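Asks:
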Amino acid sequence: MKKKIVIAGMATILICAVVSAAPYTFFYKFKPGKKYVTTMSSQTETNFMEKKEINRSRTVIEYSIKPGVKKDWILLNARIRSQKDESGQDTGQTMGIYQVTYSADMHVSGEIRNIKYTGAKLSPEMEEQIKSLPPETAALVRQSANFMAEQWKESVFWFPEFTENRLKIGDEFEFTRKSMSGSPGTGMQNQFQSKQVFTLESVRNGLADFSIEERSLLKSGGVMGGQADVKSLGKSKAVFDLRTGIWIELVSKYRSQVQFSGMPGSTAGSESGAQDVFSIIKYEMSAE
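Heads up, the final residue of the sequence shown is numbered 529 in the working numbering, and it's a clean run with no missing numbers.
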């Protein structure tokens, strides 16, 4: 009898081991007709010329899902519902970001195409404030609303694209982003590229834990001429719910160095300064 119990116990252990090590297929399960919400919390610590500055913010992004034009595709509509700094000030209202509506076609793999947005304009309060400015300056300020809408595309559609391969514990896949935003006519433009390496660490109760290594480079041009290059190294932890098909949490920590060059008052092409930046960004997502 004891021998049978031992054998049964060993069989159970083997079955559990096989289940825990089984390959998994990852894909998104956004449901047409449903709404989802992402809460993005960020903290940025900047060190420049022996001065430290810490900024915190909290942004809530709402998504509505519609059927796509092809099988395994959906139409993802999004808007920023609220945005506040640590003092509670409504920064989103001031810059008119709430009026912007984003849309994109998304495959179940996470591939995103045809990103668009409408409604990028200043709030009535800001329009009132710039009435006294010269026309050229006022036009640049208005253009900043469009620039901000461009900047938020990456944060709104933050979902990584999965590999087609089935993953076992310890397997990796890479995700590369490349984007360009801004308005070359005004001098405001960004070029961004990043490479993320995802490692599947464990799967328990339908929740998959990933660790992520990231390198990124941002080249940014400003209205005053000049350029800022931001090189970042990041490490993240993320949890994907295999049952609901969404990331329920992603926490990233970045160390960045910002190099300024060609700024007004400096020799053309020379570096005007540098900043060290440490930031923590947390995404939490749920269905409403």
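Here a beta-carbon is modelled for each residue, glycine too, at the ideal position from N, C-alpha and C.
Note that this is a predicted model, so its numbers are computed, not measured.
#1: Tell me which same chain residues have a C-beta within less than 7 Å of the C-beta of Lys275, skipping the five on either side of it?
#2: Would you mind stating whether Ala345 and Ile356 have Cβ atoms separated by less than 8 Å?
#3: Once DSSP output is grouped into helix, strand and coil, what is the label at Leu363?
#4: What does the alpha-carbon distance come out to for the pair Gln500 and Thr287?
#5: Just checking my contact of His348 with Trp393 at CB under 8 Å: how many whole Å lie between their CB atoms?
#6: Pick helix, strand or coil for Lys394, following the three-state DSSP scheme.
#7: Please check the pair Ala379 and Val341, which I expect to be a contact at CB under 8 Å, by giving their CB distance rounded to whole angstroms.
#8: What do you get for Val296, buried or exposed, if any count of 16 or more other CB atoms within 10 angstroms of its CB means buried?
#9: Where does Phe451 fall in DSSP's three states?
#10: For Ile371, I'd like the list of residues in its chain whose CB is within less than 8 Å of its CB, leaving aside the five on either flank, ordered along the chain.
#11: According to DSSP, is Leu381 part of a helix, a strand, or is it coil?
#12: Terminal residues of the continuous beta strand (DSSP E) containing Tyr304?
Replies: This is what the structure holds:
#1: Ile306, Ala528
#2: yes
#3: coil
#4: 13 Å
#5: At roughly 22 Å, the Cβ-Cβ gap does not stay under 8 Å, so His348 and Trp393 are not in contact.
#6: helix
#7: Not really, about 20 Å apart at Cβ, beyond 8 Å.
#8: The sequence as given places Asn at residue 296; Val does not occur at that position. Counting Cβ neighbours within 10 Å, Asn296 comes out exposed, since fewer than 16 surround it.
#9: strand
#10: Leu363, Thr378, Ala379, Val382, Arg383
#11: helix
#12: 292-308
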